[in-house]
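Protein chains in written order, with our numbering: chain A, 836 to 1095; chain B, 836 to 1095.
Just below is one structure, and these are the notes that go with it.
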């Protein structure tokens, strides 16, 4: 144990809270904050854990926490209450270094997911988790998407945000044009003027990028125009739409990696 | 307008709140309570709307509410606040008759989803929505599942709970045995000793029932034993599991109705 923290005004605690609250601060610092025993342990496998905070009760309940890397701080319950964001907090919190990825990593033959203005953190997190599950090589987020390292997104992704490259880009059309120039097939998910998913080939040797828009608005016309094909999930008329996380995950399953 | 309600202690308001809060009371009365303009309009297409409550602001914003069936009640804002369960209430609420369905409706050649102890209302609602989307003929819920007409489940199902028969059963094994006696293939979703989904035939002329367990526990051994086949969604080792609503929806997509 490196130190015991007894004050809610402790500088490290304030720093962690600021990471949790502000996307701009996370970017500036290149760090993010996560809460929960399982989530912190999962994240620590693939991201650098710099600081771990836990209560005495958590230390007793989960002795394996002591084996995690980084500096460890015992926090009093009232300090943990300040750090906590969920209804039943476990008293375990971590500050991690954000993995840095750029569009230069996108390569021919790869399998990618691109999200345009998907604002719901639960949907972004779910889609990161499904992309990791189905062997995708990276996820590209347009501006206007929920932040991948915000607390709610991290919880929904169950740590998947550090399991595969997540690249925050600006507008998608130039990104997609660059991918197509590398031979990557870009498939827009859209309800109209599209082919049913069941008849779309699942395998693209040159690489594939599945492009999904927000639940309410779908993709912009510019982004659809920047793609090479358009696919939809056919449905009965008994529902108006599918949840965006569900629809996207079904597409990811259809275009999953070889061998799955 | 049948009446203006100015008191939070109004008998109709108290009745509606009790329907929202208690599954036992919903069963006793054969009615349920729903909140939200879109949800109430969707539900009214397929379920009997008996009483509709709305604020003056909602009546002005959505004049189409006046065309809905049932008795209409204008409620003051403080009464609406008592009925409301969501962070940004729209001031629209309805009391509906619960559609009644039984296992007698299960028929050879049909396509069913059975859930065992899926406790999360969001997952149950999402799976009802996906089952309706993909042409399933009914959903069977074991005891221990989230209540299909509870407010959170209704929100996640977006009204799908009244679009297809939802049957609340006890334990699943005898239900599955009866389905198999009718020639319906029962497929358990399980991680171990199972065949990968991609190699499972998608079409069962005698009928099919997809059986899904809870996110944490999976299916009980008895229920797996009562099924005729076992399937899993293959994944990379970069995630431990998929969200239950996601995994179930991918299975429903795979076993979707003909013509989709």
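For glycine and all other residues, C-beta sits at the position ideal for the given N, C-alpha and C.
When C-beta distances to chain A are compared with 9 Å, the residues of the region 999 to 1029 of chain B below that value are 999, in chain order.
For residue 1005(A), no alpha helix (DSSP H) segment is defined, and its DSSP state is neither H nor E. Secondary structure at residue 997(B): helix, using DSSP grouped into helix, strand and coil. Shortest Cα-Cα distance from residue 1068(B) to any of 865(B), 1029(B), 1061(B), 874(B) involves 1029(B).
DSSP places residue 852(B) inside the alpha helix (DSSP H), whose first and last residues are 846 to 856.
Scanning its chain for C-beta atoms nearer than 8 Å, with the 5 sequence neighbours on each side dropped, one finds around residue 1089(B) the residues 1032, 1035, 1037, in chain order. Look at residue 1081(A) here: in three-state DSSP terms it is helix. Judged by DSSP secondary structure, residue 1065(A) falls outside any alpha helix (DSSP H) and instead within the beta strand (DSSP E) spanning 1064 to 1067.
Apart from the 5 residues on each side of it in sequence, residue 934(A) sits with its Cβ closer than 8 Å to the Cβ of 881, 882, 997, 1000, 1001 in its chain, given in chain order. Between residue 931(A) and residue 878(A), the beta carbon gap of about 6 Å places them in contact (Cβ cut-off 8 Å). Residue burial is scored here from C-beta neighbours: residue 976(B) has at least 16 other C-beta atoms within 10 angstroms and is therefore classed as buried. Check the Cα spacing between residue 1016(B) and each of 1027(B), 982(B), 1044(B): the tightest is with 1044(B).
Not flagged as an interface residue toward chain A: residue 934(B), since no C-beta distance is shorter than 7 Å.
Closer than 7 Å to the CB of residue 1073(A) there is at least one CB belonging to chain B.
Close partners of residue 1069(A) in chain B (Cβ separation under 7 Å): 1095.
With respect to chain A, the C-beta atom of residue 1084(B) has a partner C-beta closer than 7 Å. Residue contact with chain B for residue 1055(A): absent (no Cβ-Cβ distance below 7 Å to any residue of chain B). Per the coordinates, the alpha-carbon of residue 873(A) lies some 20 Å from the alpha-carbon of residue 966(A).
When CB distances to chain B are screened at a threshold of 8 Å, the residues of the region 961 to 974 of chain A falling below it are 961, 964, 965, 967, 968, 969, 970, in chain order. Think of a sphere of 7 Å around the beta carbon of residue 1088(B): the chain A residues whose beta carbon falls inside it are 1085, in chain order. Residues are counted here when their Cβ sits less than 7 Å from a Cβ of chain A; for the region 876 to 894 of chain B the count is zero. For residue 941(B), the number of other beta carbons within 10 angstroms of its own is at least 16, and it is reported as buried. Residue 1066(B) places its beta carbon less than 7 Å from that of residue 1022(B). For residue 1074(B), there is no enclosing beta strand (DSSP E), as DSSP marks it with neither H nor E. Residue pairing from DSSP leaves residue 971(B) without any beta-bridge partner.
Under the 7 Å criterion on CB atoms, residue 1077(A) is classed as interfacial with respect to chain B. Annotated as distal: residue 950(B) and residue 971(B), with beta-carbon spacing of 7 Å or more. Beyond the five residues adjoining it in sequence on each side, residue 917(A) comes within less than 8 Å, by CB distance, of 843, 848, 852 in the same chain, given in chain order.
Residue 907(B) is not a Cβ neighbour of residue 884(B), given a cutoff of 7 Å.
Residues of chain B with a Cβ closer than 9 Å to the Cβ of residue 996(A) do not exist, since the nearest Cβ in that chain sits about 11 Å away.
Within a 10 Å sphere around the beta-carbon of residue 838(B) sit fewer than 16 other beta-carbons, which makes this residue exposed. At a Cβ-Cβ threshold of 7 Å, residue 1063(B) and residue 1020(B) count as neighbours. Counting only runs of 4 or more residues that sit fully inside the region 887 to 924 of chain B, the alpha helix (DSSP H) segments are 891 to 896, 912 to 918, in chain order. Residues of chain A whose Cβ lies closer than 7 Å to the Cβ of residue 1042(B) do not exist, since the nearest Cβ in that chain is about 17 Å away.
Around the C-beta of residue 1027(B), fewer than 16 other C-beta atoms lie within 10 Å, and the residue is accordingly described as exposed.
Residue 1022(B): member of the beta strand (DSSP E) spanning 1020 to 1024, first to last residue.
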